Each structure stands twice: as C-alpha cells, then as structure tokens.
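J.: The structure that follows is given in the form of structure tokens.
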Amino acid sequence: MSAEISPLLVRTPAAARPLWLRLRRSTPFTLTVLMCCLALLWVSPFIWMLATSFSATTFGDDMASLLPRLPLTLDNFRDAWNSADWLSLYANTLIFTFGTFFVQLLTITTAGYVFACHEFRGKQTLFLLFLVQLMIMPVVMMVPNMLTLKTFGLLNTLTGVMMPYFTSAFGVFLMRQAFLAIPKELEEAALMEG
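In this note's numbering, the protein residues as written are 13 to 206.
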C-alpha cells in the first residue's frame, strides 16, 4: 500500500513562487525602496511639468531636466492667461454642459419610461437597436456626424457641438432599468390617489 502526497502539502521552491509573494516575504526595507522608486517614476511627469512651467520659455538640451532652469519666472502663466478669452470659453462650457444636460434629461427620461412602462409592437427590437449604439465606437461616427451637421448648416456652432450628445443609449438603458425597479403597485396607487 502506498501513500499519496497531496500537491498542497509539497513546498514549492522560492524561485517558483510569484513575484508579488516573494516581495511580500522580503524585508520591509526592500519593499519600501522599491515603492519609493515606483512613486518617483509615477510623479516625474508632474515634477517635469511644474519645473518647465516656472522656467524660461526656451527649449534646448536641458529641456529633459526635472530641475527648473534659472531664472525662475511666472511669464509662462501670464502668457497662458492672456492667450485666450477665458470668459467666453467658460461661458461656452457652461452653455454646452447645461444645454446638453437639460436636453438629455428630457430625451433619456422619456425614452426610458416608454421602454419600461408601455407596450407596443417592436419594443424589444427597437430597444436592442438602441443598445447596439453602445457597441459602436464614437470615433466611427465622427464623419457621419460631421456630414449631418454640414447638411443642417450647424458646423462651427455650439448647437452643432451639442447635438451628438442630445441622447445616450447608456442613459436610456439606465433610466429603463430605474423605471422597471419601481413596483407597479406604486404606480397604481398614484393613479388612484390622483
């Protein structure tokens, strides 16, 4: 009679263990040094950006240095501030954001409610066609959207920028799921109460 040894009871050599397990068992000092090196690597683009922003605007051999080039100056910030009409840019951002939000609130909520609470022929097929939009990469739709905007004469207008975002398949899906979660009894009680 022979005894079988379970593979779980056999010790694996240290070299066969995964790297993270070997690092976990190593000294805390080694792990700390390794993490500090990784953190420095992660933060170095931010340090370079900060050093470059306070340096003179010349580009040269010392451009790759993480240390700021002397003399330190705030001219880059002044030039960036004066290079654009920031008030109109922020106004455009607010118009785009709130305009898109309110139109989406109307379209997505209405479509989600119709798909959740009303019955009509072809409802499932239409909803699946809506969901197919989630599988299409937005980059693929750039040229057709541009041609549509050109047809309507909306190129280089704020409405033309907002129009592709007026509805969202993902938003319709989320609103449909939210309306499906509301019990029918609650809707019936609301109809009875008025």
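Note that beta-carbon positions come from the ideal geometry of N, C-alpha and C, so glycine has one too.
Bear in mind that the values here come from a model prediction, so they are computed numbers and not experimental data.
Could you work out which residue in Ser180, Leu31, Ser67 is closest to Pro207 when comparing CA atoms only?
T.: Absent from the model: residue 207. The displayed extent of the chain is 13 to 206, so no value can be given.
J.: For Glu205, does the three-state DSSP call read helix, strand or coil?
T.: By one-based count along the sequence shown, residue 205 stands at place 193. Reduced to three states, the DSSP call for Glu205 is helix.
J.: If you compare alpha carbons, which of Leu146, Gly134, Leu106 is closest to Val184?
T.: Here residue 184 refers to the residue found at position 172 of the sequence shown. Nearest option by C-alpha distance: Leu146.
J.: Using a 10 Å radius around the Cβ and a threshold of 16 neighbouring Cβ atoms, would you call Ile148 buried or exposed?
T.: What you label residue 148 is simply residue 136 of the sequence shown in a count that begins at 1. Ile148 comes out exposed.
J.: In this structure, how does DSSP classify Met149 when only helix, strand and coil are distinguished?
T.: Taking the first residue of the sequence shown as position 1, residue 149 is located at position 137. Reduced to three states, the DSSP call for Met149 is coil.
J.: In whole angstroms, what is the alpha-carbon distance linking Tyr125 and Met187?
T.: Against the sequence shown, residue 125 aligns to sequence position 113. Against the sequence shown, residue 187 aligns to sequence position 175. Each residue's Cα considered, the two are about 7 Å apart.
J.: With a CB to CB cut of under 7 Å and the five nearest residues on each side skipped, what residues in its chain are close to Ile120?
T.: One-based indexing of the sequence shown puts residue 120 at position 108. Counting only Cβ-Cβ distances below 7 Å, and skipping sequence neighbours, we find Thr179, Ser180, Gly183, Val184, Met187.
J.: Between the alpha carbons of Glu199 and Ala190, how many angstroms are there, rounded?
T.: What you label residue 199 is simply residue 187 of the sequence shown in a count that begins at 1. What you label residue 190 is simply residue 178 of the sequence shown in a count that begins at 1. About 14 Å.
J.: Under DSSP, the alpha helix (DSSP H) around Phe114 begins and ends at which residues?
T.: One-based indexing of the sequence shown puts residue 114 at position 102. Per DSSP, Phe114 belongs to the alpha helix (DSSP H) from 98 to 129.
J.: Could you check which residue in Asp87, Trp60, Leu161, Phe114 has the C-alpha nearest to that of Ala76?
T.: Looking up residue 76 in the sequence shown gives position 64. It is Trp60.
J.: For Leu159, report the span of its alpha helix (DSSP H) as first-last.
T.: Walking along the sequence shown from the start, residue 159 turns up at place 147. Start and end: 154 to 164.
J.: Between Phe127, Leu203, Leu118, Phe113, which has its C-alpha nearest Phe142's C-alpha?
T.: In the sequence shown, residue 142 corresponds to position 130, counting from 1. Measuring from the Cα of Phe142, the nearest candidate turns out to be Phe127.
J.: Classify Ala123: buried if its beta carbon has 16 or more other beta carbons within 10 angstroms, exposed otherwise.
T.: Mapped onto the sequence shown, residue 123 falls at position 111. Ala123 comes out buried.
J.: For the alpha helix (DSSP H) containing Thr39, list its first residue and its last residue.
T.: Here the question's residue 39 lines up with position 27 in the sequence shown. Run containing Thr39: none; DSSP gives neither H nor E here.
J.: Report the rounded CA-to-CA distance for Leu53 versus Met47, giving the unit in angstroms.
T.: One-based indexing of the sequence shown puts residue 53 at position 41. One-based indexing of the sequence shown puts residue 47 at position 35. Going from the Cα of Leu53 to the Cα of Met47 covers about 10 Å.
J.: Considering only the alpha carbon of each residue, which of Pro57, Val55, Asp87 lies closest to Ser67?
T.: Translated into positions along the sequence shown, residue 67 becomes position 55. Taking only the C-alpha atoms, the option nearest Ser67 is Asp87.
J.: Go to Thr171, then tell me how far its alpha helix (DSSP H) extends in each direction, as first and last residue.
T.: Against the sequence shown, residue 171 aligns to sequence position 159. It spans 170 to 174 - the alpha helix (DSSP H) in which Thr171 sits, taken as one unbroken run.
J.: If you measure between the beta carbons of Ala63 and Pro40, is that distance less than 9 Å?
T.: Your numbering for residue 63 matches position 51 in the sequence shown. Your numbering for residue 40 matches position 28 in the sequence shown. Not in contact: Ala63 and Pro40 (Cβ atoms no closer than 9 Å).
J.: Determine, using beta-carbon pairs with one atom in the segment 93 to 101 and one in the segment 152 to 162, whether at least three such pairs fall under 8 Å.
T.: At 8 Å Cβ cutoff, the stretches do not touch.
J.: Quick one, are the C-beta atoms of Leu170 and Phe110 less than 9 Å apart?
T.: To locate residue 170, count along the sequence shown from 1; it is residue 158. To locate residue 110, count along the sequence shown from 1; it is residue 98. Not in contact: Leu170 and Phe110 (Cβ atoms no closer than 9 Å).
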